[in-house]
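J.: Numbered by the numbering used here, the letters in the sequence shown go through residues 5 to 152 in order.
We treat Cβ as the ideally placed atom computed from N, Cα and C, and that holds for glycine.
All values derive from a computational prediction rather than experimental measurement.
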Amino acid sequence: MKKLRIDTVIRMCRRLERLFGDRIQSHLAALGYDDVPAAAVSLLPLLEGDGVRPVSLAAKLKISKQAVQQSLKPLEISKYVETVPDPTDGRGKLVKLTASGEKLLKTMHKVKQSVQDELRDQLGKKTFRKMEESLMEIELVLDPGADQ
């Protein structure tokens with residue numbers, strides 16, 4: 005196996021993220037969720053609980069507040085999320101999952117597990133485990149506080 009340049013590794017990680025997202029989105033569409041945009045795969049899990057301020061979502065995703073609003077719009081139209089007043093701050097807003105959004109998120113978790121299981125079956129358990137360990141090590145190097 006040839007050694008990869010670092011920009012190739014970064015590019016591969018981004019490509020793999022897109023490929024996983026596409027695979028998850030394809031599985032969701034097959035289950036009747038054909039109105040779920042690709043951004044929902046990374047966005048919806050952040051909305052679990054009592055709701056999140058859009059500015060907090062932007063910070064977690066490292067994108068602008070406007071980009072968050074654009075990502076949320078199709079989810080609001082499809083009634084997976086709603087914007088409600090923040091009970092702790094009358095001026096603030098929270099984005100939260102609707103009942104349909106919670107159902108979608110549960111389905112998405114199952115689909116993600118299924119996609120991961122498919123990959124494990126194709127790579128083999130030993131190779132898959134080594135990949136998981138390597139990814140965790142890389143995360144700790146790049147984000148030392150990630151294990152907390």
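Could you pull the start and end residues of the beta strand (DSSP E) that R95 belongs to?
T.: 93–101
J.: DSSP puts V85 in a beta bridge; with which residues?
T.: L101
J.: When burial is assigned at 16 or more other CB atoms within 10 Å of the CB, is I28 buried or exposed?
T.: buried
J.: Where does M112 land, buried or exposed, given buried means 16+ other C-beta within 10 angstroms?
T.: buried
J.: Quick check on the DSSP output: the alpha helix (DSSP H) that includes R133 runs from which residue to which?
T.: 129–146
J.: Straight-line CA distance for K107 to K7?
T.: Distance between the alpha carbons of K107 and K7: 43 angstroms.
J.: Between T102, L48, K134, S104, which lies nearest to K116 when the distance is taken from Cα to Cα?
T.: L48
J.: Over what stretch of residues does the alpha helix (DSSP H) that includes P49 continue unbroken?
T.: No alpha helix (DSSP H) contains P49, which DSSP labels as neither H nor E.
J.: So, for V59: in the same chain, excluding its five sequence neighbours on each side, which residues have a beta-carbon less than 7 angstroms away from its beta-carbon?
T.: Correct list, in chain order: K69.
J.: Whose C-beta lies closer than 7 angstroms to the C-beta of V85 among residues of the same chain, with five residues either side of it excluded?
T.: L51, L76, L79, V99, K100, L101, T102, G105
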